[in-house]
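Colleague: The structure is given below, and queries will be raised subsequently.
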Amino acid sequence: MSFRASGHSWRLYCGTNVLEGSLKEVAARAGAKRAFVICSPSINGRTDTVRRIEKALGATFAGVFDRIEKDCPYPNVCAARDAAREARADLLIAVGGGSVLVATRAVAIFLGEDRSPFEIMTQYPADKPAYSPRLAAPKIPIVNIPTTPTSAMNRAGTGLKNDDLDHRMEFFDPKTRPQAILLDHDVLMTTPSSSHRSTATTVFSSAVAAIAAAESNPLVEGDRLQAFRLAFRAYAGLAENRDDAASRADLCIAAFLQNRAEDDGARMGASSSFAGDYAVSTALHVQFPHVGQGESISTIHATKIRLSQDEDAAAAQLVAEALGLGGADKPLRPVIADELERLYRCVGMPIRLSELNIPRSAIPLIAGQTVKNFNANAGVRSDSERIAAAERLLEAAY
Numbered sequence: 233m234s235f236r237a238s239g240h241s242w243r244l245y246c247g248t249n250v251l252e253g254s255l256k257e258v259a260a261r262a263g264a265k266r267a268f269v270i271c272s273p274s275i276n277g278r279t280d281t282v283r284r285i286e287k288a289l290g291a292t293f294a295g296v297f298d299r300i301e302k303d304c305p306y307p308n309v310c311a312a313r314d315a316a317r318e319a320r321a322d323l324l325i326a327v328g329g330g331s332v333l334v335a336t337r338a339v340a341i342f343l344g345e346d347r348s349p350f351e352i353m354t355q356y357p358a359d360k361p362a363y364s365p366r367l368a369a370p371k372i373p374i375v376n377i378p379t380t381p382t383s384a385m386n387r388a389g390t391g392l393k394n395d396d397l398d399h400r401m402e403f404f405d406p407k408t409r410p411q412a413i414l415l416d417h418d419v420l421m422t423t424p425s426s427s428h429r430s431t432a433t434t435v436f437s438s439a440v441a442a443i444a445a446a447e448s449n450p451l452v453e454g455d456r457l458q459a460f461r462l463a464f465r466a467y468a469g470l471a472e473n474r475d476d477a478a479s480r481a482d483l484c485i486a487a488f489l490q491n492r493a494e495d496d497g498a499r500m501g502a503s504s505s506f507a508g509d510y511a512v513s514t515a516l517h518v519q520f521p522h523v524g525q526g527e528s529i530s531t532i533h534a535t536k537i538r539l540s541q542d543e544d545a546a547a548a549q550l551v552a553e554a555l556g557l558g559g560a561d562k563p564l565r566p567v568i569a570d571e572l573e574r575l576y577r578c579v580g581m582p583i584r585l586s587e588l589n590i591p592r593s594a595i596p597l598i599a600g601q602t603v604k605n606f607n608a609n610a611g612v613r614s615d616s617e618r619i620a621a622a623e624r625l626l627e628a629a630y
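Okay, structure coming up:
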């Protein structure tokens, strides 16, 4: 057996009173004298999390920027950069869901690099492959305090919404990975159930996709299996109206393990015919602010599975067994799709695109947005093929 694995330096703290028990130590390890918090308005205005952080850090606390919005609008990130610079920050503490964690990575990039953000973002030259410029400058260390289960918690990619462009601003810098992740049970429980349900759907759907992907690397296989077990158990609990801090932490750990599998050489669910469509989902929730990431997935996931031409019986059997469906005397793909729709509906998620209050006439617009997504468009298909496939999926899911 031959395989390659890699990793990065990190510390993860999980449990009750993690902020009080571990945050000061984390800041000291980073050599921080000026720790600056970045969060959303709701985190600072509706919870006591920032006050807990300030008390835990004492004199090291250097202030807070609390105006990060959904999908990381570029002007918000620029304002956060300016606030962090004025505070003379030497440590960034991101508190929130995926948008805040991603925005904080962008702040670190903008503070560290001396070139325009438009020069260092992923470039899409006409008739040439997209490329992401190398970002070599040192970056301020980051600590992440997630409020929801999100794959953003230990990644290095950044995508910002910019209404002046026809695509997201994308950046990649491994130096923006967090030095530490703090999963505080009380912080996790501050997220409203509806928001948690959406992000939990994202984690669960990714775990389903990954379980079907062929993998010979035993490290990847182990992380994928455990990620699925944790995510499925917690998600099934939501369907039965069970929602507690331990289950929310399990979903966060599942997301962490999915990312670690990717670090060890896997493209998490990217080639799985049991995945949704990342580019379509991203276009949906970026183009329509009222649509959450989980909702953009639950409305197309089962349809994408039904439309797939892949006849991999072994993969279908793996997914069916993982979902507790066992064998069947008919093709497993539609059985799996039906079960996923049942689960999504039991949890309270939409399963048709028409439920999202999006006009059918918007389908060409959404499909057109899928061609400028660096994570999903690796040049395997032409832009016209990508758009045509997205339109077929959206029409079928409507």
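Heads up, the sequence shown is in this note's numbering, so the first residue is 233 and it goes up one at a time.
The beta carbon of each residue, even a glycine, is placed where N, CA and C say it ideally should be.
1. Give the secondary structure of R243 by DSSP, where H, G and I count as helix, E and B as strand, and everything else as coil.
2. Would you identify the three-state DSSP class for T248, choosing helix, strand or coil?
3. For S438, would you say it is in contact with chain C, using Cβ-to-Cβ distances shorter than 7 Å as the test?
4. Taking C-beta to C-beta, are I211 and T434 nearer than 7 Å?
5. Anyone know if the C-beta pair for K393 and P450 falls short of 7 Å?
6. Whether or not the segment 539-557 and the segment 587-599 are in contact is what I'm after, with contact meaning three or more pairs of Cβ atoms, one per stretch, closer than 8 Å; do they touch?
7. Near I352, which residues of its chain fall below 7 Å by C-beta distance, leaving aside the five closest residues on each side in sequence?
8. Kindly identify the DSSP beta-bridge partner or partners of M401.
9. If you follow the alpha helix (DSSP H) that I352 is part of, which residue opens it and which one closes it?
10. Using only alpha-carbon positions, find the residue among A432, A486 and A471 that is nearest to R176.
11. V601: buried (16+ other C-beta within 10 angstroms of its C-beta) or exposed?
12. Classify Q355 as helix, strand or coil using the three-state DSSP reduction.
13. Would you mind sorting E627 into buried or exposed? The rule is 16 or more other CB atoms within 10 Å of its CB.
14. In or out: P381 buried (at least 16 other Cβ within 10 Å) or exposed?
15. Starting from V269, trace the beta strand (DSSP E) in both directions and tell me its first and last residue.
16. Taking DSSP as the reference, what is the three-state secondary structure of P361?
17. Provide the residue span of the alpha helix (DSSP H) that contains N276, from first to last.
18. Helix, strand or coil for A621, going by three-state DSSP, please let me know.
19. Please report the straight-line C-alpha distance between N276 and A620, rounded to a whole angstrom.
20. Suppose only complete runs of 4+ residues qualify. What are the alpha helix (DSSP H) ranges in the segment 416-494, listed by chain order?
21. Who are the Cβ neighbours of H240 in its own chain at under 6 Å, not counting the five residues just before and after it?
Modeller: Let me spell this out:
1. In the structure shown, the three-state DSSP call for R243 is strand.
2. Here T248 sits in coil by DSSP.
3. Going by chain labels, chain C is absent from the structure shown, which holds only one protein chain.
4. Absent from the structure is residue 211, since the part of the chain shown begins at 233 and ends at 630.
5. In this structure, P450 does not lie closer than 7 Å to K393 by Cβ.
6. The segment 587-599, when compared against the segment 539-557, does not touch it at the 8 Å Cβ threshold.
7. Correct list, in chain order: E345, P365, L367 and F403.
8. L392.
9. P349 to I352 is the span of the alpha helix (DSSP H), which, as asked, contains I352.
10. With the chain covering 233 to 630 only, the question about residue 176 has no answer from this structure.
11. In the sequence under discussion, the amino acid at residue 601 is Gln, which differs from the Val named in the question. Note on Q601: 16 or more other CB atoms within 10 angstroms of its CB, so buried under the neighbour-count rule.
12. Strand at Q355.
13. When all chains shown are included, E627 counts as exposed.
14. Around the beta-carbon of P381, 16 or more other beta-carbon atoms lie within 10 Å, marking it buried.
15. Unbroken beta strand (DSSP E) run through V269: A267 to I270.
16. Here P361 sits in coil by DSSP.
17. Counting along the chain, the alpha helix (DSSP H) containing N276 begins and ends at P273 to R278.
18. Three-state DSSP puts A621 in a helix.
19. So the two alpha carbons sit approximately 43 Å from each other.
20. Runs of the alpha helix (DSSP H) lying entirely within the segment 416-494 and spanning at least 4 residues, in chain order: 417-420, 425-443 and 450-471.
21. Within the same chain, H240 has close Cβ partners R409.
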